[in-house]
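Engineer: After the structure tokens below, expect a handful of questions from me.
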Amino acid sequence: MLWKIGIIGFGNVGQGLAHILNRKKEILKRRYDFEFIVSFIADPVRGSLYNEEGLDLDAILKEMAQKGSLKNRPEFTDKGTLELIELAKADIVAEATITNLETGEPGLSHIRKALSVGSHVVTSNKGPIALAVDELEQIAKNNNVYLRYEAVVLSGTPCINMVMECMSGCDVKSVAGIVNGTTNFILSKMEEGYDYPEALVEAQKLGYAEADPTSDVEGWDSAVKAAIMANLFFGAKIKITDVSRQGITKITREDVLKAKNEGKRIKLIAEVKRQGNDVIASVSPHLIPMTHPLGNVIGPTNALTIATDHLGEVTIIGPGAGRIETGQALLSDMLAIHRFKNA
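Here it is, written out as structure tokens:
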């Protein structure tokens with residue numbers, strides 16, 4: 001089967017996916033019998049492209065690197081994203097636009113539309129999954145398509161599929177971990193002797209933190225991931241605002257060094273656990289012993305400890321961001337859909 005793919009959002013993640021698809025096209029065909037064309041790229045800022053016969057990813061990526069725009073490409077179209085979804089009717093749509101935690105838009109509308117026209121969807125966009133996963137799963141079911149979102153918690157590091165598929169049959173008692181690489185980088189720099197403002201500036205210089213770092217340092221990014229895990233792993237109906245949240249802005253260098261002298265590290269931990277009949281989700285700084293797997297996670301790395309009845313504690317450690325890393329999560333979801341449809 002030749003899969004027609006559409007990519008929505010051609011920033012870091014969308015380009016990361018395109019790089020992987022371009023570089024590994026022959027390997028994907030040989031190893032997985034996965035053949036594809038990319039028929040459209042939708043990005044109103046950088047330029048949208050459409051060619052039902054397939055786009056030249058190599059040329060497109062070179063043009064993006066040189067000019068930062070696709071608007072001079074011969075395949076350029078001024079059609080809007082929703083119109084392109086309807087026109088192209090791709091087999092798989094990769095939705096990789098920027099997350100909006102208040103409304104989920106425009107990603108939410110993109111995913112609704114794609115599922116409704118019969119496209120499978122893979123996404124790295126946390127907003128729609130946190131705000132409307134049940135609705136979107138129902139639309140997917142009604143149209144006999146798949147919605148997959150491995151990338152929304154730990155980016156390229158396997159997490160959602162690990163728990164939902166590889167741990168099928170286990171009762172998950174709790175999950176706790178470092179799900180925001182920016183804050184972990186800042187705390188690691190503070191352990192080296194940086195003050196909080198200095199560590200934040202360093203994170204911004206290296207591209208780990210945005211110009212407005214509120215979502216990271218105040219714990220909002222971790223909170224949305226905690227809500228997603230609560231709803232997926234525990235069957236809860238938790239909103240982002242239900243998550244008890246405390247960020248790292250009040251932590252001082254002295255706090256970090258004191259913890260280090262005691263053989264511990266301060267980590268911003270997202271935790272979900274059962275408490276009686278309730279599911280409780282929280283984000284706050286914890287003192288973690290250096291002997292614990294989470295205590296040894298340094299820099300912009302993520303980690304998650306999953307406590308289960310059958311397997312005890314399983315800890316996953318890996319990159320929590322990056323264009324190629326997140327693109328890999330999107331690709332793994334595409335290959336899963338390919339397997340399911342050809343089973």
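Under the UniProt record's numbering, the sequence shown has 78 at position 78, and the numbering climbs by one with no breaks. Ideal Cβ placement from N, Cα and C applies to all residues, glycine included. Small disclaimer: the values here were computed from a predicted structure and weren't measured.
#1: Output needed for Tyr32: all residues of its chain with C-beta closer than 7 Å, excluding positions within five of it in sequence on either side, in chain order.
#2: Pull up the distance between the alpha-carbon of Val172 and that of Gly54, whole angstroms please.
#3: Would you say Leu108 and Gly80 are within 8 Å of each other, going by their C-beta atoms?
#4: In the stretch 70-136, which residue ranges form an unbroken alpha helix (DSSP H) of at least 4 residues, counting only runs that do not cross its ends?
#5: With distances taken between CB atoms, is the gap from Arg253 to Asp195 smaller than 8 Å?
#6: Under a Cβ-count criterion, where at least 16 other Cβ atoms within 10 Å of its own Cβ denotes burial, should Arg73 be classed as buried or exposed?
#7: Since His110 and Asp91 should fall inside the 8 Å C-beta cutoff, what is the C-beta to C-beta distance between them, to a whole number of angstroms?
#8: In the DSSP assignment, find the alpha helix (DSSP H) that holds Ala18 and state where it starts and stops.
#9: Would you verify that the beta carbon of Met167 is, or is not, closer than 8 Å to some beta carbon of chain C?
#10: Pull up the DSSP beta-bridge partners for residue 355, would you.
#11: What did DSSP end up calling Asp278 once you bin it into helix, strand or coil?
#12: Check Lys264 in the structure and name its three-state DSSP category.
#13: Please determine if the stretch 80-89 and the stretch 41-54 are in contact, where contact requires at least 3 C-beta pairs separated by less than 8 Å.
#14: Counting only runs that start and end within the stretch 151-178, where is the alpha helix (DSSP H) found for 4 or more residues in a row?
#15: Could you name each continuous beta strand (DSSP E) segment of 3 residues or more that falls completely within the stretch 295-322, going from the start of the chain to the end?
#16: Note down, in chain order, each residue of its chain lying with its Cβ closer than 6 Å to the Cβ of Leu154, except the 5 sequence neighbours on either side.
#17: Mind reading off the beta-carbon distance from Val145 to Leu115? Whole number of angstroms is fine, and I expect it under 8 Å.
#18: Just tell me which of Asn12, Tyr50, Glu26 has its CA closest to the CA of Ile5.
#19: Just confirm the distance between the C-beta atoms of Gly9 and Thr97, as a whole number of angstroms; I'd bet it's less than 8 Å.
#20: Rounded to whole angstroms, what's the CA-CA distance from Glu325 to Gly156? Just pull it up for me.
#21: What number of angstroms, rounded off, separates the C-alpha of Pro293 from the C-alpha of Gln328?
#22: Out of curiosity, what's the CA-to-CA distance linking Lys24 and Ile37?
#23: Give me the DSSP bridge partner(s) of Ser284.
Structural biologist: Let me spell this out:
#1: If we look at Tyr32 and ignore the five residues flanking it on each side, its Cβ neighbours are Leu335, His338.
#2: Inter-residue distance for Val172 and Gly54 is about 43 Å (C-alpha atoms, whole angstroms).
#3: Result no, Cβ atoms of Leu108 and Gly80 do not sit closer than 8 Å.
#4: You should have 81-88, 107-116.
#5: Cβ distance < 8 Å, so Arg253 and Asp195 count as in contact.
#6: Under this definition Arg73 is a buried residue.
#7: About 16 Å separates the two Cβ atoms, so there is no contact after all.
#8: 12-23 is the extent of the alpha helix (DSSP H) around Ala18.
#9: The structure shown has no chain C; it contains just one protein chain.
#10: This structure leaves residue 355 out entirely; the chain is present only between 1 and 343.
#11: Here Asp278 sits in strand by DSSP.
#12: DSSP places Lys264 in strand when its eight states are reduced to three.
#13: Contact holds: three or more Cβ-Cβ distances are below 8 Å.
#14: Uninterrupted alpha helix (DSSP H) stretches at least 4 residues long and entirely within the stretch 151-178 occur at 151-154, given in chain order.
#15: 301-308, 312-319, all fully within the stretch 295-322.
#16: Only residues of its own chain outside the window of five on either side were considered, and among them Asn302, Gly320 have a CB closer than 6 Å to the CB of Leu154, listed in chain order.
#17: Right, the Cβ-Cβ distance comes to about 6 Å (below 8 Å), so this counts as a contact.
#18: Closest option to Ile5, Cα to Cα, is Tyr50.
#19: 4 Å between Cβ atoms; contact.
#20: Each residue's CA atom was taken as its position, placing Glu325 and Gly156 some 5 Å apart.
#21: Spanning the two alpha carbons is a distance of roughly 24 Å.
#22: Each residue's Cα considered, the two are about 13 Å apart.
#23: BP columns for Ser284 point to Ile269.
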